[in-house]
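Presented below is the structure to which this report refers.
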Amino acid sequence: MEINSGDTAWVLISAALVMLMTPGLALFYGGMVRVKSVLNMMMMCFLALGVVSIIWVLYGYSLAFGPDSGAGLIGNFDFIGMANTVGEVEGTIPTLAFVMFQMTFGIITCALLAGAVADRIRTIAWIAVIVLWTTLVYIPLAHWTWGGGWIGNQLGALDFAGGTVVEINSGFSALALAIVVGQRIGFRRDPMRPHNLPIVLLGAGMLWFGWFGFNAGSALSAGDLAATAMINTQVCTAAAALAWIFVEKIRDGKPTTLGIASGAISGAVAITPSCGFVNPMGALLIGLAAGAICAWAVSLKYKLGYDDSLDVLGVHGIGGLVGMIGIGLVATTAVNDAGGNGLFAGGGFDLLNKQLIASFATMAYVFIVTWLIAMLIDKVIGFRVSPEAEVSGIDLDQHAESGYELTDTTSGAFAGVGQHGLSEYLQQEGRDEKHEDK
Amino acid sequence: MEINSGDTAWVLISAALVMLMTPGLALFYGGMVRVKSVLNMMMMCFLALGVVSIIWVLYGYSLAFGPDSGAGLIGNFDFIGMANTVGEVEGTIPTLAFVMFQMTFGIITCALLAGAVADRIRTIAWIAVIVLWTTLVYIPLAHWTWGGGWIGNQLGALDFAGGTVVEINSGFSALALAIVVGQRIGFRRDPMRPHNLPIVLLGAGMLWFGWFGFNAGSALSAGDLAATAMINTQVCTAAAALAWIFVEKIRDGKPTTLGIASGAISGAVAITPSCGFVNPMGALLIGLAAGAICAWAVSLKYKLGYDDSLDVLGVHGIGGLVGMIGIGLVATTAVNDAGGNGLFAGGGFDLLNKQLIASFATMAYVFIVTWLIAMLIDKVIGFRVSPEAEVSGIDLDQHAESGYELTDTTSGAFAGVGQHGLSEYLQQEGRDEKHEDK
Amino acid sequence: MEINSGDTAWVLISAALVMLMTPGLALFYGGMVRVKSVLNMMMMCFLALGVVSIIWVLYGYSLAFGPDSGAGLIGNFDFIGMANTVGEVEGTIPTLAFVMFQMTFGIITCALLAGAVADRIRTIAWIAVIVLWTTLVYIPLAHWTWGGGWIGNQLGALDFAGGTVVEINSGFSALALAIVVGQRIGFRRDPMRPHNLPIVLLGAGMLWFGWFGFNAGSALSAGDLAATAMINTQVCTAAAALAWIFVEKIRDGKPTTLGIASGAISGAVAITPSCGFVNPMGALLIGLAAGAICAWAVSLKYKLGYDDSLDVLGVHGIGGLVGMIGIGLVATTAVNDAGGNGLFAGGGFDLLNKQLIASFATMAYVFIVTWLIAMLIDKVIGFRVSPEAEVSGIDLDQHAESGYELTDTTSGAFAGVGQHGLSEYLQQEGRDEKHEDK
Amino acid sequence: MKLVTAIVRPFKMEDVKSALEQVGVQGLTVSEVSGFGRQGGHVEVYRGAEYVVNLVPKVKIEILAEDEDAARIVDALVDSARTDRIGDGKVWVVPVETVVRVRTGERGDDAL
Amino acid sequence: MKLVTAIVRPFKMEDVKSALEQVGVQGLTVSEVSGFGRQGGHVEVYRGAEYVVNLVPKVKIEILAEDEDAARIVDALVDSARTDRIGDGKVWVVPVETVVRVRTGERGDDAL
Amino acid sequence: MKLVTAIVRPFKMEDVKSALEQVGVQGLTVSEVSGFGRQGGHVEVYRGAEYVVNLVPKVKIEILAEDEDAARIVDALVDSARTDRIGDGKVWVVPVETVVRVRTGERGDDAL
Ligand SMILES: Nc1ncnc2c1ncn2[C@@H]1O[C@H](COP(=O)(O)OP(=O)(O)O)[C@@H](O)[C@H]1O
Ligand SMILES: Nc1ncnc2c1ncn2[C@@H]1O[C@H](COP(=O)(O)OP(=O)(O)O)[C@@H](O)[C@H]1O
Ligand SMILES: Nc1ncnc2c1ncn2[C@@H]1O[C@H](COP(=O)(O)OP(=O)(O)O)[C@@H](O)[C@H]1O
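This is the structure:
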């Protein structure tokens, strides 16, 4: 087929939007942790942005979207190092646009995991998580659902933009990770309140914005399907935001800003698999369900004792499930011929069954493999920073930085350039100049 | 007509840009209020994002853009619950893309009102404002100007992207709201300085960015008209930003960052109705006028005693008027056949008159109806939080949250998990663990 | 040619993305300075946004992209005040879309210079820099490379999106400016730590996002070339981010968040000229080189004693050189017929020579002319604020504002409305009301 | 010489300041502190978990005063800061041996 | 009456608070301070330049106490704040002449 | 034992610190405070409304010292913090009854 400039423009800008979700997530998560670990959280997100990009062009795209190497489990090496992609066309867009778009999905999915291990893991261990988990968990799953693998091709379950690959995956991988890494010091004792809620809300806004690229971009063309996916995304996100704070109002007495932001994300999560298969009223229902259920799910960790610090399971895992099951209930071919009819649209239990199989297969696979990866990393590298470092702040320990320096009064007098490398020289210079100044 | 993929891509991304304006506004406004009410301000914006989205798909679009139900005042119920929209085409784009694009206008316009009632109103009352005002003020107005109603069709006044529907509307509605709600405690006595100007500037940047979607997206196609609207937006915004700080330099001695941000917004406001009807030199003139006039208008509230806290009237109401009148002066059909010639382009007073009629009709309608709505809400629900809550901070009172927790030193020792619901259980657990820790 | 709606949509949204880079830069730079000068830094960026926009439509576009007025050095006045541009077509897009897109390049390039003179220069002097430098440095350079001037047309050096015009230009102009302006008080003695690293990272994320418009938008069409430019941008940025923190880990012992952000920018800089001429593996190599080299280059200023405060030379000047030279090494016509083959692609030294000539010509021209402009401004207007103002904070001195007011406890009691203009009246009012309140 | 220190509610500062000016206080030093006492803290909620924050924001005022003025200053502070609700704060007085004004080197009462 | 002041490590506050409650302290005032002393600061790195920050975050606790309680409070503070590593902080006691509870105007021991 | 307290201009800290080191001070505690006094505040402008902020940022330094060192420390503070312009601040000395070093439990002069 020929390249269509409108479709290409849409996929390119969508890829840019999805890329922006990772800095958005860095703020959303970064604002939620305590002030002493904001930078580490943002660093984890930016590391995903860096490392996954490289993996993707080297071998990730090839294994995920290369021709199936047999059993519907993994692609082959045809596109290794971006071989055979330059100048090629995929549908109505350049292949490299598709590669780029899909890359950004791998990045954000990996970055989501950081929420489960806030405040406490060594950077080197996190890099190991990125590499191993992307290779052994994300890439196979992308192949299964979208790359010609068994979920998409044999089973025929529906997942428009990543209910399995992105949401259930990140949620249940996060659970495995949180279990292996263990609780933060002070979990269930200290408040650990978000240190900067305005940037949490900003991050939520950026994620909401980027999600239009994520969902509507997944149409891979700028037409009716993209428009449907987009309005569904808006409606479901809005409905879930309201449902979450409604639960809060009833349960806790007050609607919170963290709640409306969390609810919005839970709705965007739930509409991710379903946005191309339901109509706006279906999206509304899915949103109400997602917001209410996830608002309840995030308190499970306190009862069960795993410290999924920023609720990746509660929001993405559970929200993803709601969306996958929602397809089985409210999907309708009136919206998309390539979709199906859910239970309420007269399609019976057939589609619902497929959705459940895809969901459970994903849950099982990602939980087990991530748990194995995490155990391995813990043995070989070791996850946790020292207790002192964790208490006094991982930012200083891992990055020799602190997030804010909002008072400028005494920094000059009680600080000096250090002893290390270049600095030795500077100190010398600095001293001289200091005397000149007087 | 057939769907054009380039036009669709442009309208979809424009809708995303306009959606982003509301989180942008949350920062712009949130940074301007005092630290104790930043979250409430952001909450008001996010509530608009949530509630208006739902209203729009349920009945808002239908009443605004459904076939006129008679007198040019309101649409009908043809599109209720998004009936008859899925798979349809509007011009060269999918109908749902148009619905989505228009939805984002309703959201941001409503969110703008929050600026008039900063720091002091109950969340439940704000939700009532959103529902009633959107239904009784925004939707009719959208119908009048763009939906086949009397301003657009009978009168023939020009309003490209919302000088009446969005700007004059929000400004004069805000005035009515501010009058009914009353002054903040300490108005004209306490400084009430912006608590976080960097996020005000960030918000302004996001608004500027989103405004390209707002204005150039209103062309509903990706061609010459969109390009013209976009460069006009840029020029007018830039000119107004400079004009505002020029006034400040002369009057107050210093140009301020709040001033350059406010000026930019006033320029974007003024070019909103006019961007598709003037050339870049016309936009430059409108911008200079808007920046200078709005810089002066924002001090009116101190003289007249209404507490339009963040100057919705001064910036949007007055800026919108400048833009509407500007069309009557500098519009030229050289730019857009569908437009007209203003006074300076040899068109005489005809166009100017129409612009004035449309503006005054809007001012009168929205002020009166909003005033009635506000009185009703004040009687039935009550607007104000208690004076203690207002003084010690609405964030804690309405949302049980505080914006920032930038020192981590003592939060553990002097805080504990609470008594409520789940928390009872946690406390139990927490205590045990605490003792283990030692 | 006819307008193509897909290409137009892509260029319009790209222009919006590039515009957003300047607010992004305001955060990136604003977070890096001390708390007492954050607003001044953001103001400098917003002033560039305002003033350059006006210059561009008045005469900038005409001189840069108007028909060459003879020697390949400058355009003519054909498009003065946007004459002969409305309704015209350039390639497959409206001329005004092209004007708008190019305008945003001029803005951000000028804003970059602010990084060299952080914390210490008078606003009026900065405005003089914007006007003179844009006119005498940026505009000619844009003409040389893209507007039909000698670098693009005679020499035939390759520069896809601004390695010379934007990056080398800003870097070496910044050096000249830093030298003339002189060091900040306390340079090499006080730490001058970034006051808000989360907004630095947010700014970096916004720049990364905007850079897709910058680079892939420079294809001026939504097709294969844009897709290639985009994925190259992503890969190079990611690689440089990782290379920079790898250097840090080796040299300083810890990877920092400022490092990963800086590295990302250095990679985006290096791929700017090369993104349309290399394949993703070439981009990877350029990124690794850029990150490592720039990580080293930023410490030069301490050795050599010029206070390029936020490392415009080290990141943009050097990064731009890496990219220009990188073209001479790894460019391949397999990606772009209009490009060339670099040394490693079997093209010999020919292309490399051209790249070096273009780079050195740019370095020499911009350094000398900027130095002359700066000397002139320093003589006539004077750059520096008073030492007291610099020590106690330029925000208060130049803008009568302070960035943050995060504690609300005593502001009411110890502050009052002032003596100036309107305020006199307010104070009167305020006092009365104050007594009523009691 | 005495050092009078007061811990008061932030929102009473306006009144306290006026009262102090009326008894002739011309200088003072203010700092932000957190108080723990009989007054309960407030409750915050995050994702369904409820926390009690027991520290209450207070303002600390320090005033150097001549011996004979101290009592009057204490009275002014107590009167103006009072709201009659738990958490109004404390005022205390400590003897001071030397006071110097940095600018002039003046000592004792002249230093105020 | 005495004013007991302590400079302690922030992360020991949990223990200090418990210890104080056990010796009957019912109110106190906390502020954030920075300490300079034998304890070294930490190192931060920015774009390859390394800085030593010599100020260490500390918490200052002020407790008004009856004369006879002061010694016990000091002991409780010292015991609970100790980690045996450099930088544990100081505790000191200053005599106080008057204490008033703002809410009631009560003076002396009743004011606590 | 004495407690020497100084309120000084933030930007003089560099000089004050050097001066204190020269008279043998090895530890001190710093906090951020706001001062109100003869020195005028600064003016801020927001959307055309002008505000006078009468609180000036100051730094408070607290130094525990042996009786015989106190005078020298006061002199060092006054000399080094002086700029001869209004707002240079105050230095005062309060008697201290007990000082304990938390780490060791040492008391009195040994605790410094
Ligand atoms: N023993 C104490 N020592 C120092 N400060 C105290 C003491 N008791 C109370 N405070 C301070 O006084 C404030 C008010 O005390 P609180 O017991 O809440 O109310 P009240 O003084 O009205 O009885 C506290 O927040 C705290 O800052
Ligand atoms: N002479 C002093 N006056 C006031 N505060 C002091 C003094 N010496 C130390 N401090 C405070 O005590 C803290 C701990 O002192 P330091 O010398 O680091 O350790 P240690 O007390 O264990 O010997 C310092 O950070 C500072 O806040
Ligand atoms: N009576 C006082 N009690 C406590 N602090 C004071 C007093 N007077 C002044 N100060 C502090 O000293 C600072 C300088 O005082 P000011 O009157 O402005 O100048 P100067 O001391 O040079 O006459 C003030 O900002 C305040 O912090």
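Chains as they are written, first to last, in our numbering: chain A, 4 to 441; chain B, 4 to 441; chain C, 4 to 441; chain D, 45 to 156; chain E, 45 to 156; chain F, 45 to 156.
Ideal Cβ placement from N, Cα and C applies to all residues, glycine included.
Boundaries (first-last residue) of the beta strand (DSSP E) holding residue i
i        : result
A/LEU158 : From DSSP, A/LEU158 is part of no beta strand (DSSP E); its letter is neither H nor E.
D/ARG147 : It is not in any beta strand (DSSP E) - D/ARG147 carries neither H nor E in the DSSP assignment.
D/LEU47  : 46–52
Extent of the continuous alpha helix (DSSP H) to which residue i belongs
i        : result
B/LYS357 : 353–383
B/HIS146 : 142–149
A/VAL41  : 41–58
F/SER78  : Here F/SER78 belongs to no alpha helix (DSSP H); instead the beta strand (DSSP E) covers 72–80.
Residue i to residue j span [Cα, whole Å]
i        : j        : result
C/ILE263 : A/CYS113 : 18 Å
C/SER405 : B/VAL41  : 17 Å
A/GLY118 : A/VAL169 : 14 Å
C/ALA164 : C/HIS319 : 13 Å
B/CYS297 : B/SER265 : 9 Å
A/TYR407 : B/THR107 : 35 Å
9 Å Cβ cutoff, residue i in contact with chain D
i        : result
B/ARG434 : Any reading at B/ARG434 needs caution, since the residue's pLDDT is 35, under 50, leaving its predicted position unreliable; the model's value is listed next. False, the Cβ-Cβ gap to chain D never drops below 9 Å.
Residue-chain proximity (residue i, chain A), Cβ-Cβ < 9 Å
i        : result
B/TRP374 : no
D/ALA125 : no
C/MET103 : no
E/GLY84  : no
Sequence-distant residues of its chain with Cβ nearer than 8 Å to residue i (five each side left out)
i        : result
C/GLU5   : VAL92 and THR95
F/VAL146 : none
B/ILE130 : LEU50 and VAL54
Cutoff 9 Å: residue i Cβ touching any chain F Cβ
i        : result
A/GLN430 : Low confidence applies here, because A/GLN430 scores a pLDDT of 42, under 50, leaving its location unreliable; read the following figure in that light. By this cut-off, A/GLN430 is not an interface position.
D/LEU99  : no
Any C-beta of chain C under 9 Å from that of residue i
i        : result
A/LEU204 : no
Close beta carbons around residue i, own chain, < 6 Å, minus the five adjacent residues each side
i        : result
F/ALA63  : ALA120 and SER124
E/ASP153 : GLU110
A/LEU15  : ALA100
F/GLU150 : none
Min CB distance residue i to chain E below 9 Å
i        : result
A/GLY424 : With a pLDDT of only 40 at A/GLY424, under 50, the local geometry of the prediction cannot be trusted, and the value read off the model is given with reservation. So yes, A/GLY424 belongs to the interface.
Neighbour flag for residue i against chain B, beta carbons, 9 Å
i        : result
E/LYS134 : no
Same chain, Cβ closer than 7 Å to residue i, neighbours up to 5 away in sequence not counted
i       : result
F/VAL97 : GLY85, HIS86 and GLU88
Taking a Cβ distance cut-off of 9 Å, strictly less, list which residues of the stretch 254–267 of chain A are near chain B, in chain order. Answer in chain order: ARG254, ASP255, GLY256, LYS257, PRO258, THR259, THR260, LEU261, GLY262, ILE263, ALA264, GLY266 and ALA267.
Please identify, using Cβ separations under 7 Å, the residues of the stretch 65–82 of chain E that lie next to chain D, in order along the chain. Contact residues of the stretch 65–82 of chain E toward chain D are GLN70, GLY71, LEU72, THR73, VAL74 and SER75 (C-beta to C-beta distance below 7 Å).
Contact set between the stretch 102–132 of chain F and chain C, restricted to residues whose Cβ is under 7 Å from the partner: Of all residues in the stretch 102–132 of chain F, none has a C-beta nearer than 7 Å to a C-beta of chain C.
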